[in-house]
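A.B. asks: Just so you know, the sequence shown maps onto residues 310 to 459 in the numbering used here. Don't be surprised by glycine CBs; every beta carbon is placed ideally from N, CA and C. Just so you know, these numbers come straight off a predicted model, no measurement behind them. Before I ask anything, let me first share the structure, which is written out below as structure tokens.
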Amino acid sequence: MNERINLGKSSPALYQAVLTLEQLASGEGAKAGIAVGFSHLLRLRASQINQCAFCVRMHTRDALASGEPSDRISVLPAWRETGYFTPKECAALELVEAITRVSEGQVPDAVYERAAEKLSEAEIAAIEWLAIVINVWNRIAISSRYAVKA
């Protein structure tokens, strides 16, 4: 594999802007009452879909450090098939998946309507921002081929 340009090092001002966006999105999540551990699960789910190894490893570690049980982390790719997540969390996960897969039918009205049935406007906005920002990070890490070594 060829060496790639590290976007964070080549454009530190842009990288810092994304970091600021991350901090703002995390703050909105906290204000909306989204648990830190679950916010990492939301980021982890998007990173799994995008196959961003760097972010998958990081948010798995962060979720564990935030008190998320390993069972919830391990079943995350199959969350619909489990009883580990509340109806609100399921709505949040579905919304994050739709935003991550925006090229596959946009964010369907049905997904948004299910989210609106379970989540407040503040929660929806925070979840959308968390999804948008992690998708930016995934693209930075994947494009730069951030190393993931044992």
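#1: Would you mind working out which of I451, K458 and A459 sits nearest I314, comparing C-alpha positions?
#2: Rounding to the nearest angstrom, what Cα-Cα distance links S348 and G338 in this structure?
#3: Taking L385 and S379 to be in contact with their CB atoms under 8 angstroms, please state how far apart those CB atoms are, rounded to whole angstroms.
#4: Leaving out five residues on either side along the sequence, give the residues of the same chain with a beta carbon under 8 angstroms from the beta carbon of I408.
#5: Suppose the cutoff is 8 angstroms on Cβ atoms and the five residues either side in sequence are ignored; what does the same chain contact list for S429 look like?
#6: Using the Cα positions of L330 and G392, report the straight-line distance between them to the nearest angstrom.
#7: Judging by CA-CA distance, which residue of A434, I358, S453 and W388 is the nearest neighbour of S412?
#8: For the alpha helix (DSSP H) that contains Q332, what are its first and last residues?
C.D. replies: On the basis of the data shown:
#1: If you number the sequence shown from 1, residue 314 lands on position 5. Minimum Cα distance to I314 is reached at I451.
#2: Residue numbering aside, residue 348 sits at position 39 when the sequence shown is read from its first letter. Residue numbering aside, residue 338 sits at position 29 when the sequence shown is read from its first letter. Rounded to the nearest angstrom, the two C-alpha atoms are 7 angstroms apart.
#3: Numbered from its first residue, the sequence shown carries residue 385 at position 76. Numbered from its first residue, the sequence shown carries residue 379 at position 70. Their Cβ separation, rounded to whole angstroms, is 11 angstroms, which puts L385 and S379 out of contact at 8 angstroms.
#4: Here residue 408 is taken as the residue at index 99 of the sequence shown, counted from 1. Closer than 8 angstroms at Cβ, skipping near neighbours: A355, V416, E437, A440, I441 and N444.
#5: Looking up residue 429 in the sequence shown gives position 120. Taking C-beta separations shorter than 8 angstroms and ignoring five residues to either side along the sequence, the partners of S429 in its chain run A341, following chain order.
#6: For the purposes of this step, residue 330 is identified with residue 21 of the sequence shown, where counting begins at 1. For the purposes of this step, residue 392 is identified with residue 83 of the sequence shown, where counting begins at 1. Distance between the alpha carbons of L330 and G392 is about 33 angstroms.
#7: For this step, residue 412 is matched to residue 103 along the sequence shown. If we check each option's Cα against that of S412, I358 comes out closest.
#8: Counting from one through the sequence shown, the residue named residue 332 turns up at place 23. P321 to K340 is the span of the alpha helix (DSSP H), which, as asked, contains Q332.
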